[in-house]
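*Asks:*
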Amino acid sequence: MPVKNNFMIRIEDKIAEQVQQALKKLFGQDVESEMIALQPTRKDFEGDFTLVVFPFVKMARRSPEQTAQAIGEELAMDEIESFNVIKGFLNFSLSPNYWLNFLGEAAEEKRFGTREPDEKDTVVVEYSSPNTNKPLHLGHIRNNLLGYSVAKILEAAGKNTVKVNLVNDRGIHICKSMLAWMKWGNGETPESTAKKGDKLVGEYYVKFETELRKEAQALKESHQLDDENARNNAPLMQEARELLRNWEARDPETIEIWKMMNGWVYKGFDNTYQRLGVHFDKIYYESDTYLLGREIVLEGLEKTALYKKEDGSVWADLTDEGLDEKLLLRADGTSVYMTQDIGTAQLRYDDYQANQMIYVVGNEQNYHFDVLKKVLKKLEKPYAKSLMHLSYGMVELPQGKMKSREGTVVDADDLMEEMFATAKETTEALGKTEGFSEEEKEKLFENIGLGALKYFILKVDPKKNMLFNPEESIDFNGNTGPFIQYTHARICSILRKAEERDIAGKKYDGGKISLNEKEKNLIRTLYAFPQVVQDAAADMSPAQMANYVYELAKEFNQFYHEHSVLNEPDPDVSRFRLQLSELTARVINTATGLLGIEVPERM
RNA sequence: GGUUCCGUAGCUCAGUUGGAUAGAGCAACAGCCUUCUAAGCUGUGGGUCCCAGGUUCGAAUCCUGGCGGAAUCACCA
714 MPVKNNFMIR
724 IEDKIAEQVQ
734 QALKKLFGQD
744 VESEMIALQP
754 TRKDFEGDFT
764 LVVFPFVKMA
774 RRSPEQTAQA
784 IGEELAMDEI
794 ESFNVIKGFL
804 NFSLSPNYWL
814 NFLGEAAEEK
824 RFGTREPDEK
834 DTVVVEYSSP
844 NTNKPLHLGH
854 IRNNLLGYSV
864 AKILEAAGKN
874 TVKVNLVNDR
884 GIHICKSMLA
894 WMKWGNGETP
904 ESTAKKGDKL
914 VGEYYVKFET
924 ELRKEAQALK
934 ESHQLDDENA
944 RNNAPLMQEA
954 RELLRNWEAR
964 DPETIEIWKM
974 MNGWVYKGFD
984 NTYQRLGVHF
994 DKIYYESDTY
1004 LLGREIVLEG
1014 LEKTALYKKE
1024 DGSVWADLTD
1034 EGLDEKLLLR
1044 ADGTSVYMTQ
1054 DIGTAQLRYD
1064 DYQANQMIYV
1074 VGNEQNYHFD
1084 VLKKVLKKLE
1094 KPYAKSLMHL
1104 SYGMVELPQG
1114 KMKSREGTVV
1124 DADDLMEEMF
1134 ATAKETTEAL
1144 GKTEGFSEEE
1154 KEKLFENIGL
1164 GALKYFILKV
1174 DPKKNMLFNP
1184 EESIDFNGNT
1194 GPFIQYTHAR
1204 ICSILRKAEE
1214 RDIAGKKYDG
1224 GKISLNEKEK
1234 NLIRTLYAFP
1244 QVVQDAAADM
1254 SPAQMANYVY
1264 ELAKEFNQFY
1274 HEHSVLNEPD
1284 PDVSRFRLQL
1294 SELTARVINT
1304 ATGLLGIEVP
1314 ERM
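Under my numbering, the first residue of the first sequence carries the number 714, and numbering increases by one thereafter.
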């Protein structure tokens, strides 16, 4: 549990409580605390927090101004230095002392803004969920960054967080790349071709589709079939199905090839994950969960929550829930996508007894998760209501959706490499690499390149579709990752110099000083951080964290521009500013860490 | 066609439980490096918040109906 201090009780809540009492005293009315809207005062007005008094004018039977004035006068709090009234807005200014005390206490806190994980409040976050037949692309990047960041944010907000991956390693699509490799592979391996395993397997998947299309086209012409029938009747498709049957029958040779090729893919994925900076506490494989799903479905059939059709297929009737009927097992007893998700959910619940199970999956699967929840409810699973689908929008290119057929898929590895190259070029052009070793340079370019990419993607509200223009999207100026990294490096530079001048250890002792506008803005922004962590967690929104840390960096740069930390003649003020800078750097570090972005100390 | 999501400056995006004059960045233009890192700071121009109603003291935000875009409605995953 966190250490209790004065700042665990938000000053907003304290003021709201006082307002509540004032309303009772002045107008004899009890007002629920939710009615009292206290918000940060807008920049162009004087004050720190603002009470909107419009809701109380009726009971006060006075004008908004008079009501605000009366409440302002009634309030007596040490922390409030003054107040002013503009129309129906009552603006409170807190005393400099309050802010200075806050800074002092926050500086003492080891993990300001974050909480210790509560072991009893577990949340499982599933993200990434790749198929083993294709390499990762830009869409997966959004998924991975979102999932990783949401998990970090939940953890910072006090949840016991488990990051899991669910690998889709079985099914007809996996058999397609296997079959192509068996037919045309000539025993190629990642080693023999010097290709990444996932890329190699992906090539065979493409090969299969190309050959299948040829066969289907021929059939279409010779037998007058429509597209779908032509595809289904093509010899290659039949062979792929046979391979799937062999796989389900655990045919040793098939299993061996399957294991080998999946092994190549995992090695390739690990490589991509590592560079992207994401990882997992546990990896589930669909090949391990689909049988459990099947069992649960059969069990549900016995309990008559589900029903069987004449051909032997098993269905859930969700018409009473406003949805359709949903197939859960085919007539031949094999599983569908939904089946394995039922098994996975159960397994995950058995493993962690989580209060929440979050699925980071694109919005194209909204319907699937609707159905999954309702099926689990029908099966009377206790965890049915703890399922949360964190649905995010597509990443689009200037020419529209990514299409593998048109070769517009942005490969994850290629993109990261390009980011690195751009970062290198830009940094060297600015002549900022003096005194760096080769190794340090590499790390810096990597941090900046990936920082730019991650920030660009995470700053957008997850539920919205977003546009990624490879030519223009990546900028290192303005509202970008490198801007925030730069601000951090700048502060670190001050801190290093303070160290050299031997004033770093001497803390500001809390003597009375006044706060200028920039200092106050900065300190107020810092004050908001713990709440931002909680809000971002509640909304599962890294975008809120990203926008916050940008705001903070901007605030610092304005302060930096107008006031000097080290050249300030008054030693008390200098030390205070040093402490303010130090906390800013720490919050930037923490906040960007929650986005999976590293901030360098020099750049 | 049904369902869900989105629509804010030329472009990319913010906008808190409904609150004051709707904000950033990019792009354009004009300034600021002898002073802690100019990947920075300051200023100017740029808006029918898709449209029309409704609720409210107050609507970009909530409700209804349109328009536009996306996703989905598989014995694919």
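For glycine and all other residues, C-beta sits at the position ideal for the given N, C-alpha and C. No experiment lies behind these values; they were computed from the predicted model shown.
So, with DSSP's three-state summary, where would you put T835?
*Replies:* Along the first sequence, read from residue 1 onward, the residue named residue 835 stands at position 122. If DSSP states are grouped into helix, strand and coil, T835 belongs with the strands.
*Asks:* To which residues does DSSP link D1124 through a beta bridge?
*Replies:* Position 411 of the first sequence, counting from 1, holds the residue named residue 1124. DSSP output for D1124 lists H850 as bridge partner(s).
*Asks:* I need the straight-line Cα distance from D1024 to E934, nearest angstrom please.
*Replies:* By 1-based counting over the first sequence, the position of residue 1024 is 311. By 1-based counting over the first sequence, the position of residue 934 is 221. The alpha-carbon atoms of D1024 and E934 are separated by roughly 33 Å.
*Asks:* Tell me whether the beta-carbon of D831 lies closer than 7 Å to the beta-carbon of G801.
*Replies:* Start at 1 with the first residue of the first sequence, and residue 831 comes out as number 118. Start at 1 with the first residue of the first sequence, and residue 801 comes out as number 88. Against a cut-off of 7 Å, the Cβ pair of G801 and D831 comes out as no contact.
*Asks:* Quick one: what does DSSP say K717 is sitting in, helix, strand or coil?
*Replies:* Counted from its first residue, the first sequence places residue 717 at position 4. Caution is warranted here: a pLDDT of 38 is assigned to K717, below 50, making its placement in the model unreliable, and no coordinate value can be reported.
*Asks:* Return the bridge partner residues of V877 from the DSSP annotation.
*Replies:* In the first sequence, residue 877 corresponds to position 164, counting from 1. Looking at the DSSP assignment, V877 forms a beta bridge with E839 and K995.
*Asks:* Since L1041 contacts W1028 with CB under 8 Å, what's their CB separation in whole angstroms?
*Replies:* Position 328 of the first sequence, counted from the first residue, corresponds to residue 1041. Position 315 of the first sequence, counted from the first residue, corresponds to residue 1028. Going by Cβ atoms, the distance from L1041 to W1028 rounds to 6 Å, so yes, they are a contact pair.
*Asks:* Considering only C-alpha positions, which residue in the set T827, T874, M974 and N984 is nearest to K995?
*Replies:* To locate residue 995, count along the first sequence from 1; it is residue 282. When only C-alpha atoms are compared, the closest one is T874.
*Asks:* Answer with buried or exposed for E868, where buried requires no fewer than 16 other C-beta atoms within 10 angstroms of its C-beta.
*Replies:* Residue numbering aside, residue 868 sits at position 155 when the first sequence is read from its first letter. By the neighbour-count rule (16 or more Cβ atoms within 10 Å), E868 is buried.
*Asks:* Taking 7 Å as the limit between beta carbons, can you name the residues of its chain near S1227, skipping five residues before and five after?
*Replies:* The residue you call residue 1227 lines up with position 514 of the first sequence. Excluding sequence neighbours, S1227 sits near P809.
*Asks:* Got a sec? Which residues, its chain only, sit under 7 Å from G826 by beta carbon, not counting five neighbours each side?
*Replies:* Working through the first sequence from its first residue, we reach residue 826 at position 113. Here the set comprises F1242, P1243, V1246, V1300 and T1303.
*Asks:* Cβ of R855 within 7 Å of Cβ of I1170?
*Replies:* On the first sequence, residue 855 is found 142 positions in, with the first residue counted as 1. On the first sequence, residue 1170 is found 457 positions in, with the first residue counted as 1. Taking 7 Å as the Cβ cut-off, R855 and I1170 qualify as a contacting pair.
*Asks:* DSSP on N946, reduced to helix/strand/coil?
*Replies:* Along the first sequence, read from residue 1 onward, the residue named residue 946 stands at position 233. In the structure shown, N946 sits in a helix (DSSP, three-state: H, G or I).
*Asks:* Based on the DSSP output, what are the partners of N804 in its beta bridges?
*Replies:* As a position in the first sequence, residue 804 is number 91, starting the count at 1. BP columns for N804 point to T763 and N797.
*Asks:* Kindly identify the DSSP beta-bridge partner or partners of H1102.
*Replies:* On the first sequence, residue 1102 is found 389 positions in, with the first residue counted as 1. According to DSSP, which records beta bridges pairwise, H1102 is partnered with Y1072.
*Asks:* For E941, name the three-state secondary structure that DSSP assigns.
*Replies:* Here the question's residue 941 lines up with position 228 in the first sequence. DSSP places E941 in helix when its eight states are reduced to three.
*Asks:* Pull the bridge partners of P753 from the DSSP assignment, please.
*Replies:* As a working mapping, residue 753 is identified with position 40 in the first sequence. According to DSSP, P753 bridges with F762.
*Asks:* Note down, in chain order, each residue of its chain lying with its Cβ closer than 7 Å to the Cβ of D1083, except the 5 sequence neighbours on either side.
*Replies:* Here residue 1083 refers to the residue found at position 370 when the first sequence is read from its first residue. Closer than 7 Å at Cβ, skipping near neighbours: L1036.
*Asks:* My assumption, with CB atoms under 8 Å, is that R1290 sits in contact with H1274. Please give the rounded CB distance.
*Replies:* Sequence index remark: in the first sequence, residue 1290 carries index 577 (1-based). Sequence index remark: in the first sequence, residue 1274 carries index 561 (1-based). So it is not a contact: roughly 13 Å between Cβ atoms.
*Asks:* Under the three-state reduction of DSSP, which class applies to S1026: helix, strand or coil?
*Replies:* Taking the first residue of the first sequence as position 1, residue 1026 is located at position 313. Coil, per DSSP.
*Asks:* For G1056, does the count of other Cβ atoms within 10 angstroms reach 16, so buried, or fall short, so exposed?
*Replies:* Position 343 of the first sequence, counted from the first residue, corresponds to residue 1056. Answer is buried; the Cβ neighbour count reaches 16.
*Asks:* Taking DSSP as the reference, what is the three-state secondary structure of K872?
*Replies:* Walking along the first sequence from the start, residue 872 turns up at place 159. The answer is strand: DSSP assigns K872 an E or B state.
*Asks:* Buried or exposed, going by whether 16 or more other CB atoms sit within 10 Å of the CB of L1296?
*Replies:* By one-based count along the first sequence, residue 1296 stands at place 583. Result: buried.
*Asks:* Given a threshold of 16 other Cβ atoms within 10 Å of its Cβ, counted over all protein chains shown, does G1013 qualify as buried or as exposed?
*Replies:* Indexing the first sequence from 1 puts residue 1013 at position 300. G1013 is buried by the Cβ-count criterion.
*Asks:* Kindly indicate the opening and closing residues of the alpha helix (DSSP H) around K1091.
*Replies:* Indexing the first sequence from 1 puts residue 1091 at position 378. N1079 to K1091 is the extent of the alpha helix (DSSP H) around K1091.
*Asks:* Going by alpha carbons, who is nearest to Y861 out of M1316, V991 and H886?
*Replies:* Walking along the first sequence from the start, residue 861 turns up at place 148. Comparing Cα positions, the closest option is V991.
*Asks:* Going straight from the alpha carbon of H886 to that of Q930, what length do you get?
*Replies:* Residue 886 sits at position 173 when you count from the first residue of the first sequence. Residue 930 sits at position 217 when you count from the first residue of the first sequence. Their Cα atoms are separated by approximately 20 Å.
*Asks:* Per DSSP, M1179 forms a beta bridge with which residues?
*Replies:* Within the first sequence, residue 1179 is the residue found at index 466, counting from 1. Beta-bridge pairing links M1179 to V1108.
*Asks:* What does the Cβ neighbour count give for D761, buried or exposed, with the cut at 16 atoms within 10 Å?
*Replies:* Numbered from 1 along the first sequence, position 48 holds the residue referred to as residue 761. Burial call: buried.
*Asks:* Leaving out the 5 sequence neighbours to the left and right, which residues in its chain are closer than 7 Å to Q731 when beta-carbon positions are compared?
*Replies:* Indexing the first sequence from 1 puts residue 731 at position 18. L788 and M790.
*Asks:* Assign L788 to one of three DSSP states: helix, strand, or coil.
*Replies:* Along the first sequence, one-based indexing puts residue 788 at 75. Of the three classes helix, strand and coil, the one that applies to L788 here is coil, per DSSP.
*Asks:* Given that a residue counts as buried once 16 or more other Cβ atoms are within 10 Å of its Cβ, and exposed if not, what is A729?
*Replies:* Here residue 729 is taken as the residue at index 16 of the first sequence, counted from 1. The residue in question, A729, is buried, as its Cβ has 16 or more Cβ neighbours within 10 Å.
*Asks:* Does DSSP classify S1227 as helix, strand or coil?
*Replies:* Here the question's residue 1227 lines up with position 514 in the first sequence. Correct three-state label for S1227: coil.
*Asks:* Closest by CA to S1287, which one among L1307, K1225 and M1258?
*Replies:* Locating residue 1287 in the first sequence gives position 574, where the first residue counts as 1. Comparing Cα-Cα distances from S1287 to each of L1307, K1225 and M1258, the minimum goes to K1225.
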